[in-house]
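These notes concern the structure reproduced below.
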Amino acid sequence: MYRDWIRRIFNPLVKSFSVFPPNFLTLLGFVIVLIGVYVLVKGYPFLAGWIILAGSIFDMIDGGVARLKGKTSRFGAFLDSTLDRYSDFFIFTGVALWSKDGILMYLALASLLGSFITSFARARGEALGVDVKVGFMQRGERVALMILGLILYKYILLYVLGFIAVMTNITAIHRIYHVWKVLKKEV
1 MYRDWIRRIF NPLVKSFSVF PPNFLTLLGF VIVLIGVYVL VKGYPFLAGW IILAGSIFDM
61 IDGGVARLKG KTSRFGAFLD STLDRYSDFF IFTGVALWSK DGILMYLALA SLLGSFITSF
121 ARARGEALGV DVKVGFMQRG ERVALMILGL ILYKYILLYV LGFIAVMTNI TAIHRIYHVW
181 KVLKKEV
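Letter by letter, the sequence shown follows residues 1 to 187 in UniProt numbering.
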């Protein structure tokens with residue numbers, strides 16, 4: 001439901017950037033996220049949040065550009081998903097490196113673990129033929145919250161990371177349970 005709303009908001013950007021190949025936009029978004037993570041590690045979380053937001057916008061429109069131009073491909077979907085995992089790794093690791101120690105570092109690492117297991121559980125479940133679109137904390141929510149947390153780091157980053165750490169791991173467990181429940185019926 002909200003994905004349709006987001007698509008309508010970004011539709012003008014999709015049209016504006018449709019002159020570029022979709023995979024180029026995927027790669028460009030990833031490079032911009034890496035720049036944002038570098039800025040974060042250097043000690044500027046507010047600026048990093050805005051840069052990561054810019055990179056994430058390209059990640060949001062690349063699929064729309066592919067559909068608009070009739071250039072969807074299995075490799076494009078694979079590239080997008082793979083670079084999403086790399087982006088997750090670098091963003092959460094960037095927070096851990098920036099914070100150097102303490103609770104933020106541990107929450108960032110717990111968020112990273114939950115994010116990876118959430119994504120892996122879906123991919124592996126779908127490879128087994130199970131539809132695994134369950135759980136609250138999918139990638140879009142994680143990235144949006146992380147960007148908000150970085151931009152408002154002085155006030156909410158600790159709480160945002162705590163929420164992401166808990167909810168990604170709950171989502172992962174929910175997906176594992178869902179796949180188990182579906183596959184159990186086959187026996």
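Just so it is clear, CB atoms sit at the ideal spot from N, CA and C, and this is done for glycine as well. The structure displayed is predicted, hence computed values, not measured ones.
Query                                                                                                    : Result
Extent of the continuous alpha helix (DSSP H) run through Y44                                            : Here Y44 belongs to no alpha helix (DSSP H), and DSSP marks it neither H nor E.
Assigned secondary structure, T171 (DSSP; H/G/I helix, E/B strand, else coil)                            : helix
G143 in three-state terms, based on DSSP                                                                 : Looking at the sequence provided, one finds Val at residue 143 rather than Gly. Note: V143 maps to helix in three-state DSSP.
Residue interval of the alpha helix (DSSP H) (run including residue 190)                                 : Because the chain in this structure spans residues 1 to 187, residue 190 falls outside the shown range and cannot be described.
D4, buried or exposed, once every other Cβ within 10 Å from all chains shown has been counted against 16 : exposed
Residue environment, S73, which counts as buried when at least 16 other CB atoms sit within 10 Å         : exposed
Coarse secondary structure for F136, derived from DSSP in three states                                   : coil
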